[in-house]
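FYI, the numbering for the sequence shown is 23 to 277, going by the numbering used here.
In this text, a Cβ means the ideal position worked out from N, Cα and C, and glycines have one as well.
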Amino acid sequence: MKTFIVANWKCNPATLAEAKRLFAAVKKGMEKIRVRGAEIIICPPFVYISSFKSQASSFKVGAQNCFWQESGAFTGEVSPVMLKNAGCKYVIIGHSERRRYFGETNEVINKKLRVAMDAGLRPILCVGETEEEKELGDAAAVLVAQLKEGLTGFGRKELKKIIVAYEPVWAIGNGNACGADEAMSAGVLIKRTLGELAGKKIGHNIPILYGGSVMPQNAAIYIEEAGFQGLLVGGASLDPKPFVQIVRAVRAGRH
23 MKTFIVANWK CNPATLAEAK RLFAAVKKGM EKIRVRGAEI IICPPFVYIS
73 SFKSQASSFK VGAQNCFWQE SGAFTGEVSP VMLKNAGCKY VIIGHSERRR
123 YFGETNEVIN KKLRVAMDAG LRPILCVGET EEEKELGDAA AVLVAQLKEG
173 LTGFGRKELK KIIVAYEPVW AIGNGNACGA DEAMSAGVLI KRTLGELAGK
223 KIGHNIPILY GGSVMPQNAA IYIEEAGFQG LLVGGASLDP KPFVQIVRAV
273 RAGRH
């Protein structure tokens, strides 16, 4: 199965010049690494996407979000059709920061997934529990609900195109990475739920990524020990050195 390494730049960097320097540095670092069967996906802010369309030879360009309509009177929104035409191949949907700061519900996320897939983008659906949900013992129920409600209405053939990213909210951006055993348990639950939705064979082949304080020193652990098919990298993707080290670590772990 292909391995996916997704760089989520979030609301960074501040200028196009900085974005181009970061992109160029990552691209240069990638030239020295050959990861067979791996897809490297860079997800910059919307305004930088078209600038990288023709330069992404060694990896793909994705978006961090999209709207749930193709067009219309929706001030400030960007549709999946626009993203597709700008050169995107992938789109992150349902990131915990979208859920937390912008009130995105499973229903809204379901709408976004539908329009994104109809536009020809491959969605990366993010799921994960908060610290409070974890402490209350609700983590499993939260994950199952996010998957089942988010993927309502999708047929088995469509579910083949989905990528799921498990991002325990309590582990994001604070260096408090989830342990391999705990992450693996979540991954097993996600696989089982996907199997219920899509059938065991298709569910087994849907890639699941890990995201949450991913660093060079723990990157390979989530692939080798926890059984994930890739990584969703946040803060470490804003510095070319650790990001390339993460890719290198995954490469070493797969050989």
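May I ask you to report which of helix, strand or coil DSSP gives THR127? coil
Check for me: the beta strand (DSSP E) holding GLU61 runs from which residue to which? 60-65
Report the start-end ranges of each beta strand (DSSP E) in the region 40-107 that is 3 residues or longer and not cut off at the edges. 60-65 and 82-85
According to the neighbour-count rule (16 or more other Cβ atoms, all chains shown, within 10 Å of its Cβ), is VAL83 buried or exposed? buried
In angstroms, rounded to a whole number, what distance separates the CA positions of LYS134 and VAL266? 31 Å
Measure from the alpha carbon of THR174 to the alpha carbon of each residue in ASP203, LEU143, ARG273 and GLU218, then state which is nearest. GLU218
Any beta strand (DSSP E) of 3 or more consecutive residues that is wholly inside the region 116-178: 144-149
Mind checking CYS33: buried by the 16 CB within 10 Å criterion, or exposed? exposed
Express the C-alpha separation of ASP203 and GLU247 in angstroms, rounding to a whole number. 8 Å
Could you compute how far the alpha carbon of ASN240 sits from the alpha carbon of LYS49? 22 Å
How is ILE268 classed by DSSP in three states: helix, strand or coil? helix
Beta carbon proximity, ALA85 to chain B, threshold 8 Å: No chain B appears in this structure, which consists of one protein chain only.
Per-residue DSSP class, three states only, for VAL210: helix
For ILE243, the first and last residue of its enclosing alpha helix (DSSP H): 241-246
Rounded straight-line distance, which links the Cα of LYS182 to that of PRO145: 11 Å
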